[in-house]
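S.K.: Quick one: the structure is below, questions incoming.
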Amino acid sequence: KERYPDITVVPDVLYIDEGNVLTSAGSAAGIDLCLHLVRRDFGTKAANMVARRLVVPPHRDGGQAQYVESSVPEPHERSRLGPLIDRMRADISADYPVATLADLAGMSERTFL
Numbered sequence: 046k047e048r049y050p051d052i053t054v055v056p057d058v059l060y061i062d063e064g065n066v067l068t069s070a071g072s073a074a075g076i077d078l079c080l081h082l083v084r085r086d087f088g089t090k091a092a093n094m095v096a097r098r099l100v101v102p103p104h105r106d107g108g109q110a111q112y113v114e115s116s117v118p119e120p121h122e123r124s125r126l127g128p129l130i131d132r133m134r135a136d137i138s139a140d141y142p143v144a145t146l147a148d149l150a151g152m153s154e155r156t157f158l
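Listed below in structure tokens is the structure:
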């Protein structure tokens, strides 16, 4: 705002179409803007066909946060094997008998196998 006081930032939209000024919030929002242009110039049917070819939704609402507040956990972090995998990654050269692995996973040896 200090550098461009005449600019109004609209934080909760994916793109802006002010006629001769078009802008988007990022790369995925750029696709949304392109679909908007196709919809505006060629109609909804054409925009939906393009969206299907791109395997994206034909229209997204812009009221969502455009960033990830926290990192997305790796799949193993959400499972009961997460602590076991972390331990093995920390000391990859260690010998891990089945009994130890099962214990670290909180399982019986039979269930672990």
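Mapping of the sequence shown onto this note's numbering: residues 46 to 158, in sequence order.
Glycine included, each C-beta is placed from N, C-alpha and C at the ideal position.
Relative to the C-alpha of asparagine 65, which residue among Leu82, Val55, Pro56 is closest?
M.R.: The shortest Cα separation from asparagine 65 among Leu82, Val55, Pro56 belongs to Leu82.
S.K.: Give the C-beta separation of aspartate 77 and serine 69 to the nearest angstrom, bearing in mind that I take them to be a contact with Cβ-Cβ under 8 Å.
M.R.: Confirmed, Cβ separation roughly 7 Å.
S.K.: Using the Cβ count rule (16 or more neighbours within 10 Å means buried), how would you classify leucine 80?
M.R.: So leucine 80 counts as buried.
S.K.: Tell me the DSSP bridge mates of leucine 82?
M.R.: Bridge partners of leucine 82: none, in fact.
S.K.: Have a look at proline 102 and methionine 152 and give me their C-alpha separation to the nearest angstrom.
M.R.: If you take the alpha carbons of proline 102 and methionine 152, they lie about 42 Å apart.
S.K.: Let me check understanding here. Comparing Cα to Cα, which of Val143, Arg84, Leu59 lies closest to serine 72?
M.R.: Measuring from the Cα of serine 72, the nearest candidate turns out to be Leu59.
S.K.: Between the alpha carbons of alanine 147 and isoleucine 130, how many angstroms are there, rounded?
M.R.: Roughly 12 Å between the two C-alpha positions.
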